[in-house]
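Novice: Okay, so the sequence shown: first residue is 77 according to the numbering used here, each after it adds one. The following block contains the structure, expressed as structure tokens.
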Amino acid sequence: MNDYKMVGLMCCDQNGLCLKSKGEMNPSLSGSYTAVIRLASQLDGFEGNSTSVMVTIETRNFTEVIKQYDGHTVVMKAPSSSSLAVENKLPGDAHGREDMRSNEHLAEEDETNGME
Numbered sequence: 077m078n079d080y081k082m083v084g085l086m087c088c089d090q091n092g093l094c095l096k097s098k099g100e101m102n103p104s105l106s107g108s109y110t111a112v113i114r115l116a117s118q119l120d121g122f123e124g125n126s127t128s129v130m131v132t133i134e135t136r137n138f139t140e141v142i143k144q145y146d147g148h149t150v151v152m153k154a155p156s157s158s159s160l161a162v163e164n165k166l167p168g169d170a171h172g173r174e175d176m177r178s179n180e181h182l183a184e185e186d187e188t189n190g191m192e
């Protein structure tokens, strides 16, 4: 079982004003998070049911989850699965692919050893 650690949390009001921020969150982005979740809730099939909308933004280092509760936008930030794989030194990336650079390095060593 993976032990995910939340590294940041933010709560914004209905106008996008940051009410509370903890950890590695940038309060100046609170309006952007509120706008993203509002725009997502306008997609076909979600209109009038904004509580069922959740937006996940995944970068190389972090995953941010944005959800709206009673007009308040909540953003949670955690390390992404790929950064956890590097941190835990697991073979391959988050999708199970091997690091091609390490394979190329091994091939170069084989060629060098064979030439002696």
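Note that the Cβ used here is the ideal one computed from N, Cα and C, for glycine as well.
1. With a CB to CB cut of under 7 angstroms and the five nearest residues on each side skipped, what residues in its chain are close to Val112?
2. Helix, strand or coil for Leu119 per DSSP?
3. Is DSSP giving Gly147 helix, strand or coil here?
4. Leaving aside the five residues before and after Tyr87 along the sequence, list all residues of the same chain whose C-beta is less than 7 angstroms from its C-beta, in chain order.
5. Where does Ser156 sit, in a helix, a strand or coil, going by DSSP?
Specialist: With the given structure in hand:
1. Closer than 7 angstroms at Cβ, skipping near neighbours: Val131, Ile142.
2. If DSSP states are grouped into helix, strand and coil, Leu119 belongs with coil.
3. The three-state secondary structure of Gly147, taken from DSSP, is coil.
4. One point to set straight first is that residue 87 is Cys, not Tyr, in the sequence displayed. Contacts found: Leu95, Lys96, His148, Val150.
5. In the structure shown, Ser156 sits in coil (DSSP, three-state: anything other than H, G, I, E or B).
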